[in-house]
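Contents: one structure, followed by commentary.
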Amino acid sequence: MTGRKKHGPRRTGARLFKPLALLILVTLFAQLLYAMPAFAQEDRQAPQSKAAEKKRREAALHGPSIQVDPSFAYYQNRTPESIADELLQRGYKTVHYFVVNENDVNRAFINALQAKGIGVWALVLGNGSYSTARFPADWPSWQMELLKPLNDGYYRFSPHSPAYVQWKKQALARLVRDYPFDGIEVAEPYFPEWDGINRGVYGDVGPLARKAFRDKTGLEMPDFTDASSPRYYLTDTVTYRKWVDFRVEAVNDFLNELINGKGGVREARKDILVATWSLAVDAGPGSFDKLRELQGLDAAAMAGRVKPDIHFLQTHWPDWLKPQESLPPDYVKQYEVFADKIKREHPGLPLGVQADIGSALLMVKDGGWLSAFSDSVRELGYSTWTAYEYHLGGYMYKEAPAPGKAQRLSRTEVKIPFQKRIDEGSAKAEGSVMVSADAESFILSPGEITVDGSNLLIRSDRLPKKAFRLTLNGIKDTPGFWFHNKTQTPNSIAGNVIVDVPKH
Numbered sequence: 139m140t141g142r143k144k145h146g147p148r149r150t151g152a153r154l155f156k157p158l159a160l161l162i163l164v165t166l167f168a169q170l171l172y173a174m175p176a177f178a179q180e181d182r183q184a185p186q187s188k189a190a191e192k193k194r195r196e197a198a199l200h201g202p203s204i205q206v207d208p209s210f211a212y213y214q215n216r217t218p219e220s221i222a223d224e225l226l227q228r229g230y231k232t233v234h235y236f237v238v239n240e241n242d243v244n245r246a247f248i249n250a251l252q253a254k255g256i257g258v259w260a261l262v263l264g265n266g267s268y269s270t271a272r273f274p275a276d277w278p279s280w281q282m283e284l285l286k287p288l289n290d291g292y293y294r295f296s297p298h299s300p301a302y303v304q305w306k307k308q309a310l311a312r313l314v315r316d317y318p319f320d321g322i323e324v325a326e327p328y329f330p331e332w333d334g335i336n337r338g339v340y341g342d343v344g345p346l347a348r349k350a351f352r353d354k355t356g357l358e359m360p361d362f363t364d365a366s367s368p369r370y371y372l373t374d375t376v377t378y379r380k381w382v383d384f385r386v387e388a389v390n391d392f393l394n395e396l397i398n399g400k401g402g403v404r405e406a407r408k409d410i411l412v413a414t415w416s417l418a419v420d421a422g423p424g425s426f427d428k429l430r431e432l433q434g435l436d437a438a439a440m441a442g443r444v445k446p447d448i449h450f451l452q453t454h455w456p457d458w459l460k461p462q463e464s465l466p467p468d469y470v471k472q473y474e475v476f477a478d479k480i481k482r483e484h485p486g487l488p489l490g491v492q493a494d495i496g497s498a499l500l501m502v503k504d505g506g507w508l509s510a511f512s513d514s515v516r517e518l519g520y521s522t523w524t525a526y527e528y529h530l531g532g533y534m535y536k537e538a539p540a541p542g543k544a545q546r547l548s549r550t551e552v553k554i555p556f557q558k559r560i561d562e563g564s565a566k567a568e569g570s571v572m573v574s575a576d577a578e579s580f581i582l583s584p585g586e587i588t589v590d591g592s593n594l595l596i597r598s599d600r601l602p603k604k605a606f607r608l609t610l611n612g613i614k615d616t617p618g619f620w621f622h623n624k625t626q627t628p629n630s631i632a633g634n635v636i637v638d639v640p641k642h
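Residue numbers (this note's numbering): 139 to 642.
Here's what the structure looks like:
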């Protein structure tokens, strides 16, 4: 919020004019002299800022990245800086910030990540929302209709709704204009759903889709439920093929309007990176055609229409739902039918791939699996990878807290970043943190220790000015902040862990 200066009563009178004018001139001159070094400093910092931005943009297109939804409990009651530090401990230089609602964005989180050199994508969903808070009053009219009602907490919006398309375009333009994201990506722009006709979750088959198809082709929408109807999709296959093409064009036209349309993303910020997303699935040789038919996705056509800076293949639920022992870390090699088509039609376009590492407890993937996945993706020639969602991975439940390199903030302050959130009570317990320098040692008191998320913070006048050692013992992690396994026994540092602290 912009602060406003409060002005007192206005003073009048000719006798005040000359002293007041002189005072103003002197004040302005003094401010100018004071500002000149600052201007020079800004000039010196500008190239560094541009260089940092360029570095983040490069990282956004290359190397490992991770998806983060800061609305999860794991990210609450801690500073955004501590989240950034934790992600750096894991080696991530790029984050895909899952924006659940474009009306609710954590600016401090973005700033903290970028201040640490971490690039930030704004990841939004294309075909709906989990939240309608502060949406326009007419948002219910945007909704798709499926063959059967589905009340699962997700509101599915139709790309055939002009009102929705216009609102979404304005929301994304405002998002990239008001927040300093390095990139914007619209994931899940597809129609429902894999095997949707058989399961009754196929859409959009409501009045919005019916009207759009009639206006475009002059034909009535196929019938998907009455096998005796002459319009049944397996009977009138000519119309059904036109319907399939119509859905593909609808998805790609929708994305193109959001990104390239008048008043869209690129008009709002021409320099921002853009990523398109589509699904990939291992369903045999016909996977590409089947996904195109059922969900309106043609990745190569999408890239040609939108002209993104990178395209991501998102692992579809029939694959990511498999438990770790049933989904080898090199499963992405089965997606070559999708990747090869994109490479043929857009040979210079970088490709990324997305995995799910923990949306359901039975399919959680651990750190070893993720490391092997990363190696496989690189060997297959993908530019980058990401995974949903950082704190859902199996490493969160299996690994003990491990300290990183100590940072000497001042003579009396030290920060020890960990690779996961740590418990403050265990860190403050008697004997948890001991200081040693030469032959002298002492135990830090609870008042000299605080915890900020994954950061152990020490503030003590007793710290030596010279280099010293910390011995850490018994520090635990925080199952209460996890999504799964909240009642699990906490993992604890095994034995005594030594951390060297540099001199001040």
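For every residue, glycine included, the Cβ atom is placed at its ideal position computed from N, Cα and C.
From Met-282, Thr-270, Asn-249, residue whose alpha carbon lies closest to that of Ala-260: Asn-249
Name the two residues that bound the continuous beta strand (DSSP E) containing Val-491. 489–494
Provide the residue span of the alpha helix (DSSP H) that contains Asp-223, from first to last. 218–227
Through-space distance from Ala-275 to Val-303, alpha-carbon basis: 15 angstroms
C-beta contact flag for Ile-636 and Thr-616 at 7 angstroms: no
Using only the alpha-carbon positions, how far apart do Val-475 and Thr-627 sit? 44 angstroms
Comparing C-alpha positions only, which one of Asp-207, Trp-458, Met-534 sits nearest to Lys-624? Met-534
With 16 other Cβ atoms within 10 Å as the buried cut-off, status of Arg-443: buried
What residue range is occupied by the uninterrupted alpha helix (DSSP H) comprising Arg-404? 403–406
Could you check whether the Cβ of Ile-631 sits closer than 7 angstroms to any Cβ belonging to chain B? Any reference to chain B falls outside this structure, which holds one protein chain only.
Can the beta-carbon of Thr-524 be found less than 7 angstroms from the beta-carbon of Gln-492? yes
Which ranges does the beta strand (DSSP E) cover as unbroken runs of at least 3 residues, wholly within the stretch 373–420, from first to last along the chain? 411–418
Determine the contact status of Asp-590 and Arg-216, defining contact as a CB-CB distance below 7 angstroms. yes
Contact under 7 angstroms by Cβ, Arg-385 with Gly-334: no
Are the beta-carbon atoms belonging to Tyr-526 and Gln-281 less than 7 angstroms from one another? no
Three-way DSSP call (helix, strand, coil) for Asp-457 in this model: helix
For the beta strand (DSSP E) holding Tyr-526, just list the boundary residues, first then last. 522–526
Give the DSSP bridge partners of His-449, in chain order. Thr-414, Leu-489
May I ask you to list the residues that DSSP assigns as paired with Glu-323? Leu-261, Ala-413
Out of curiosity, what's the CA-to-CA distance linking Glu-586 and Arg-597? 5 angstroms
To test your reading of the DSSP string, which unbroken beta strand (DSSP E) runs of 3 or more residues are found completely within the stretch 528–580? 545–548, 551–555, 571–575
Can you tell me whether Arg-369 is helix, strand or coil according to DSSP? coil
C-beta contact flag for Ala-538 and Gln-557 at 7 angstroms: no
Nearest neighbour of Val-339, chosen from Lys-380, Gln-214, Glu-283, Lys-306 [CA to CA]: Glu-283
Do the stretch 284–304 and the stretch 230–242 make contact, defined as three or more Cβ pairs closer than 8 angstroms? no
Buried or exposed for Asp-494, please, with buried defined as at least 16 other CB atoms from any protein chain shown within 10 angstroms of its CB. buried
What residue range is occupied by the uninterrupted alpha helix (DSSP H) comprising Leu-582? Per DSSP, Leu-582 belongs to no alpha helix (DSSP H) and is neither H nor E.
With H, G and I counted as helix, E and B as strand and the rest as coil, what does DSSP make of Ser-630? strand
How far does the beta strand (DSSP E) with Asn-336 in it reach, from first residue to last? Element bounds for Asn-336: not the beta strand (DSSP E) but the alpha helix (DSSP H), 334–337.
Please classify Lys-231: is it buried, with 16 or more other beta-carbons within 10 angstroms of its beta-carbon, or exposed? buried
If Ile-631 sits next to Asn-593, beta carbons under 8 angstroms apart, how far is it from one beta carbon to the other, in whole angstroms? Going by Cβ atoms, the distance from Ile-631 to Asn-593 rounds to 15 angstroms, so no, they are not a contact pair.
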